[in-house]
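So the structure is just underneath, and the comments pick up after that.
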Amino acid sequence: MRKAAFFDRDGVINVDHGYVHTPEEFVWIDGVKDAARRLHEAGYLLFIITNQSGIARGMFSEETFLALDEKVRGEFAASGAPIERTYYCPHHPEAGVARYRVVCNCRKPAPGLILDAIRDFDLDPLQCVMFGDSARDLDAAKAAGVAVRVLLGKDGGAVPAPCPSCTATARNLKEGVVAFLGDPSA
Numbered sequence: 004m005r006k007a008a009f010f011d012r013d014g015v016i017n018v019d020h021g022y023v024h025t026p027e028e029f030v031w032i033d034g035v036k037d038a039a040r041r042l043h044e045a046g047y048l049l050f051i052i053t054n055q056s057g058i059a060r061g062m063f064s065e066e067t068f069l070a071l072d073e074k075v076r077g078e079f080a081a082s083g084a085p086i087e088r089t090y091y092c093p094h095h096p097e098a099g100v101a102r103y104r105v106v107c108n109c110r111k112p113a114p115g116l117i118l119d120a121i122r123d124f125d126l127d128p129l130q131c132v133m134f135g136d137s138a139r140d141l142d143a144a145k146a147a148g149v150a151v152r153v154l155l156g157k158d159g160g161a162v163p164a165p166c167p168s169c170t171a172t173a174r175n176l177k178e179g180v181v182a183f184l185g186d187p188s189a
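Numbering of the sequence shown is given in the numbering used here, commencing with residue 4 and proceeding in unit increments.
Next up, the structure:
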């Protein structure tokens, strides 16, 4: 079984402007690609785990989301931090688009997306880590058996208060990876 690092997208990888779906709206948070590369070099498979209710709300299509995701994953790969796969939930229980108006097991805080990754890639949840900026990210990881759950400040901001589902907190992904793997300069 293998180890993995899971990242929420909006607020962890990019600034969350609300329903980000175009390259022009996608603003990287400082240090994200370097932090992801460090995890990859330490032997972690990398995954994005994201709710995308903008699809269900009719704000953008799955094709639009997937086109942006391909670009984002390409930039990660070019920086030495390949993303194995992005798992996303396009659903919302009160959505405007009927085919996405469902109660599902993939919308965080449900653990479905993470459980799918664990199954698809033969991952050991006890050797995995989740980096998220909300309690629902970490609740999903905890429900999936992910051992380490790091709550990050939204958009790389202030250190958040500890939550029941987190095992650590940090201001941003870069600091979260240092807390998890240790300081490389030490």
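Positions of the beta carbon are idealized from the N, C-alpha and C atoms, including for glycine.
It should be emphasised that the depicted structure is a prediction, and the values quoted were computed from it without experimental measurement.
For Ile117, the enclosing alpha helix (DSSP H) begins and ends at 115-124. One alpha carbon belongs to Phe124, the other to Arg76, and they sit about 18 Å apart. Ranking Ile86, Cys131, Arg102 by CA distance to the CA of Glu65 puts Arg102 first. In this model, Arg5 and Glu27 are separated by some 35 Å (Cα to Cα).
DSSP places Arg110 in the coil class of the three-state scheme, outside both helix and strand. Going by C-alpha positions, Ser82 is about 14 Å away from Glu73. In the DSSP assignment, Glu66 falls within the unbroken alpha helix (DSSP H) covering 65-81. Annotation for Ala7: the continuous beta strand (DSSP E) segment containing it runs 7-10. In the structure shown, Ala171 adopts extended strand secondary structure according to DSSP, grouped into three states.
Taking a C-beta distance under 8 Å as the contact criterion, Asp119 and Gly14 do not qualify as a contact pair. Inclusion of Pro114 and Ala146 in the CB contact set at 8 Å is warranted, their separation being smaller than that value.
Under the Cβ criterion (8 Å, minimum of three pairs), the stretch 49-64 counts as touching the stretch 7-26.
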